[in-house]
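Some notes on the structure that comes next.
2 protein chains.
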Amino acid sequence: RNNGARFDEARRVAIFGGTHGNEMSGVTLVNLWVKNGAEIQRKRVEAKPFITNPRAVEKCTRYVDTDLNRAFTPENLSHVLSAPLPLPRTSQPIRAEQSVPPCPQTPADCQPAGKTAPGGGDLPYEVQRAQEINRIFGPKGSPEAYDVIFDLHNTTSNMGCTLILESSKDHFILQMMNYIKKAIAPASCLVLLNEHPLLKYSTSRSVAKHPVGLEVGPQPQGVLRSNIFEAMRVILKHALDFIELFNEGMEFPPCTVEVFRVLERIDYPRDANGNIIAMVHPNLQDGDWEPLNAGDPMFQTFDGKTIHYQGSGTVYPTFINEAAYYEKQQAFVTTRRETLGTTSGHKRAAHNL
Amino acid sequence: RNNGARFDEARRVAIFGGTHGNEMSGVTLVNLWVKNGAEIQRKRVEAKPFITNPRAVEKCTRYVDTDLNRAFTPENLSHVLSAPLPLPRTSQPIRAEQSVPPCPQTPADCQPAGKTAPGGGDLPYEVQRAQEINRIFGPKGSPEAYDVIFDLHNTTSNMGCTLILESSKDHFILQMMNYIKKAIAPASCLVLLNEHPLLKYSTSRSVAKHPVGLEVGPQPQGVLRSNIFEAMRVILKHALDFIELFNEGMEFPPCTVEVFRVLERIDYPRDANGNIIAMVHPNLQDGDWEPLNAGDPMFQTFDGKTIHYQGSGTVYPTFINEAAYYEKQQAFVTTRRETLGTTSGHKRAAHNL
Ligand SMILES: [Zn+2]
Ligand SMILES: [Zn+2]
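Chains as they are written, first to last, in the working numbering: chain A, 1 to 353; chain B, 1 to 353.
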């Protein structure tokens with residue numbers, strides 16, 4: 001008991017939808033909860049539903065200028081002048097006009113997508129949004145930041161319900177994930193651990209002390225499927241229940257959580273010009289989380305040849321054939337299964353009294 | 001035999017991909033065939049593979065300015081000045097500048113999506129493309145038009161392989177569809193007849209004497225699935241084989257073809273502000289072509305209520321939960337099953353000799 005981890009109360013919780021504007025479960029749930037928050041209310045939790053990329057939601061696209069879920073970098077968030085601007089030639093203050101091509105009478109429908117940021121420079125819309133979100137829910141890395149942010153995503157991959165963990169050291173979230181897995185059994189919910197030094201990216205949820213990603217699929221972009229919608233809704237319910245119990249002072253005993261750690265990004269086979277020359281093999285398609293071993297079929301070229309996986313040891317592929325990852329040169333990612341242990345968890349306040 | 005329909009040889013055949021730029025089977029097949037046409041070559045057929053909306057393909061979006069597959073209207077195709085332009089105030093020739101807002105020094109990245117059309121006016125990109133396609137493959141309705149155009153589409157609906165017929169009187173295409181259905185058995189391929197007075201639209205393929213739509217699904221937008229790709233490829237193979245046999249003079253005996261005639265478009269339930277308040281019911285989701293009767297579940301509201309189908313008689317819903325049809329206020333279409341009879345078919349030339 002003395003070894004238990006003590007956490008601050010997790011009172012300030014945000015639920016993000018529309019970080020990708022065409023992932024409809026989160027967009028729809030958050031829009032519903034903005035209108036009527038009864039479902040996400042708990043006595044000891046302030047849950048704020050929030051549409052992070054309203055312009056992308058409006059257009060039903062993933063993003064407008066750049067991927068919001070990669071935009072929360074220190075450079076983007078530090079301050080507005082940190083955006084790549086041409087250096088001023090004089091010591092005078094930078095004016096917005098200096099950073100854009102000359103267009104003295106820009107017609108209304110001809111404006112760049114990003115409005116001019118205060119302080120100068122036309123930042124991409126999503127960079128501006130990242131700054132706004134960081135102001136409201138952060139600042140990232142500060143004591144004022146929100147305690148928990150759930151960021152709701154859909155995927156075209158057959159991943160089922162997947163919770164995304166950004167740090168294997170986040171015992172509070174590991175306790176939460178353990179709670180959710182038990183609560184929804186016999187339905188299943190897997191944990192993807194993304195703390196890869198190169199493949200980890202600067203997510204919207206990373207503004208919070210405890211970021212939680214939720215991916216549910218398969219669902220096409222721009223489509224709302226009731227089964228995916230309800231699965232996401234149930235996970236949020238249990239997640240909020242966990243936080244409520246935690247804030248009430250309940251002690252959670254030590255536990256172990258099976259996670260899938262991101263290992264490697266696998267691109268589609270391409271020709272010398274960078275054009276894709278093969279598809280995900282039918283044996284691999286929809287086989288997210290199923291073991292893949294050396295020699296297993298991986299791709300099928302357009303002229304019918306099979307390309308086999310060459311890695312060593314068993315990996316568990318996921319994000320297989322995700323629509324949004326063609327532009328990121330990724331056909332799937334491999335993961336390795338491991339078990340993380342947590343200490344027991346309970347809130348600090350109860351012991352500090 | 002004397003009652004048989006006689007047709008002209010169908011030598012000039014086009015295969016369109018990318019009419020919707022994010023429907024990847026057609027885009028990929030047509031791109032492959034542009035590079036190497038061996039697979040679609042037949043002795044007596046000139047098959048031209050063609051990407052109809054290259055800018056939408058480039059951006060991996062359905063369209064840039066407007067839906068190309070609704071753009072082949074008489075108004076759009078008649079001539080360039082028929083586009084909605086401000087009337088000139090003087091009798092001088094219309095100059096392009098008169099129809100756009102003043103922007104004397106438009107920067108390069110600030111140009112409107114449609115390039116200025118010859119003769120004046122900034123037409124939407126897809127209207128310009130429709131005119132170009134009509135010049136190359138039409139003119140629509142003229143003796144010079146291509147004999148057959150196959151237009152390759154994907155859908156997020158669970159429609160399997162669906163051939164789309166635009167006229168119940170097109171016995172040549174009915175013979176082709178009968179041939180394809182037999183050739184791919186026991187796999188199945190259904191025929192959707194869209195000659196509804198209100199719901200029929202001005203498709204890219206309508207430029208040809210004999211238009212053929214091909215929808216294969218389910219496949220998310222922006223995704224290439226090998227099973228869908230191969231299914232589409234096989235249908236094209238049989239279609240070209242049929243045309244080759246026909247051009248060789250083979251006689252096709254009378255046959256009947258089961259078709260599903262488009263009846264009615266069903267929208268999502270909405271509130272007073274037009275916001276969607278329900279999803280396709282899980283019992284209906286993925287149930288394309290399965291009978292729907294009065295009282296069957298149709299939608300599920302976000303607060304869990306079931307909305308039942310109210311129509312009379314059995315209908316066969318299809319295009320259920322197609323991503324692109326949210327903006328068209330369509331959750332699915334109903335169809336009625338019927339059987340069309342054809343006369344025997346053979347080419348006219350053989351008898352005129
Ligand atoms: Zn996403
Ligand atoms: Zn289409």
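C-beta atoms are modelled at their ideal positions from N, C-alpha and C, and glycine is treated no differently.
Check your understanding: Taking Cβ-Cβ distances shorter than 7 angstroms, what residues in chain B pair up with Leu224(A)?
Key -> Met279
If the cut-off is 7 angstroms on Cβ atoms, which residues from the region 320–351 of chain A count as contacting chain B, listed in chain order? Asn321, Ala323 and Tyr326
Q) Can you give, in chain order, each stretch of the beta strand (DSSP E) that sits fully within the region 233–289 of chain B and has at least 3 residues? A) 255–266 and 278–280
ask   = Does the beta carbon of Glu166(A) fall short of 6 angstroms from some heavy atom of ligand 1?
value = no
*Residues near Arg365(B) by beta carbon distance below 8 angstroms, same chain, minus five either side*: Chain B is shown from 1 up to 353; residue 365(B) falls before or after that span and cannot be answered.
> Do Glu23(B) and ligand 2 come close, with the Cβ less than 6 angstroms from some heavy atom?
Replying inline: yes
Distance, Tyr63(A) Cα to Val262(B) Cα
35 angstroms
Taking 7 angstroms as the cut-off, decide whether the C-beta atoms of Gly345(B) and His171(B) are in contact. yes
For the region 118–180 of chain B, list the beta strand (DSSP E) runs that are entirely contained and at least 3 residues long, ordered along the chain. 148–154 and 160–165
Listing by chain order, which chain B residues have their CB less than 9 angstroms from the CB of Thr318(A)?
Those within 9 angstroms of Thr318(A) in chain B number zero; the least Cβ separation is about 15 angstroms.
TODO: Could you name the residues that DSSP lists as bridge partners for Thr334(B)?
DONE: Glu264(B)
Between the region 284–316 of chain B and chain A, which residues of the former have a C-beta closer than 7 angstroms to a C-beta of the latter? Gln285, Gln300 and Phe302
Residue(s) in a DSSP beta bridge with Glu215(B)
His153(B) and Thr162(B)
Would you please verify whether the beta carbon of Gln131(B) is less than 7 angstroms from any beta carbon of chain A?
-> no
- Item | CB of Pro49(A) within 7 angstroms of CB of Trp33(A), strictly | yes
- [ ] Return the chain-ordered list of same chain residues with a C-beta closer than 7 angstroms to the C-beta of Lys140(B), the five sequence neighbours on each side being excluded.
- [x] Phe72, Leu77, Asn134, Ser206 and Val207
| said: Against chain B, which members of the region 205–232 of chain A pass a CB distance test of less than 7 angstroms? | reply: Pro220, Gln221, Gly222, Val223, Leu224, Arg225, Ser226, Asn227 and Phe229
Going straight from the alpha carbon of Ala272(B) to that of Phe302(B), what length do you get? 16 angstroms
TODO: Take Val30(B) and list the residues in its own chain whose beta-carbon comes closer than 8 angstroms to its own, dropping the five residues that flank it on each side.
DONE: Ile15, Phe16, Gly17, Gly18, Pro49, Phe50, Ile51 and Leu152
Task: Leu190(A) versus Phe319(A) - alpha carbon distance - done: 13 angstroms
* Can you find a CB in chain A that lies within less than 7 angstroms of the CB of Leu32(B)? -> yes
So which residues on chain A does Pro156(B) lean against when the C-beta distance must stay under 7 angstroms?
Pro is not the amino acid found at residue 156(B); the sequence shown has Thr there. In chain order: Pro220 and Val223.
Discussion item. Strictly below 8 angstroms CB to CB, what residues from chain A border Pro282(B)?
Written reply: Ser226 and Asn227
Open item on the list: Taking 6 angstroms as the cut-off, is the C-beta of His383(A) nearer than that to any heavy atom in ligand 2?
Closed with: Here chain A covers residues 1 to 353 and nothing more, so residue 383(A) does not appear.
Can you tell me where the beta strand (DSSP E) with Lys48(B) in it begins and where it stops?
Glu46 to Ile51
Worksheet item: Using CA coordinates, which residue listed in Ala47(A), Thr203(A) and His238(A) is at the minimum distance from Asn178(A)?
Response: His238(A)
Q. Which class does Pro317(A) belong to by DSSP, given the choice of helix, strand or coil?
A. coil
Since Pro297(B) sits in a beta bridge, which residues does DSSP pair it with?
His308(B)
Q.
On the criterion of 16 or more Cβ atoms from any shown chain inside 10 Å, does Trp335(A) qualify as buried, or is it exposed?
A. In the sequence under discussion, the amino acid at residue 335(A) is Thr, which differs from the Trp named in the question. Burial call: buried.
- Enclosing beta strand (DSSP E) for Val223(B) [first to last residue]: Where Val223(B) is concerned, there is no enclosing beta strand (DSSP E), given that its DSSP letter is neither H nor E.
Extent of the continuous beta strand (DSSP E) run through Ala14(A): Arg12 to Gly17
**Prompt:** Can Pro124(A) and Asp65(A) be called in contact, C-beta distance under 7 angstroms?
**Reply:** yes
- Query: Cα separation between Val13(B) and Arg233(B)?
  - Reply: 16 angstroms
- prompt: Can we count His196(B) as close to ligand 1, meaning its CB is less than 6 angstroms from some heavy atom?
  reply: no
When you compare only the Cα positions, how much space is there between Val333(A) and Leu224(B)? 17 angstroms
**Message:** If distances are taken between C-alpha atoms only, which option among Val315(A), Thr203(A), Lys305(A) and Asp8(A) comes closest to Asn293(A)?
**Reply:** Val315(A)
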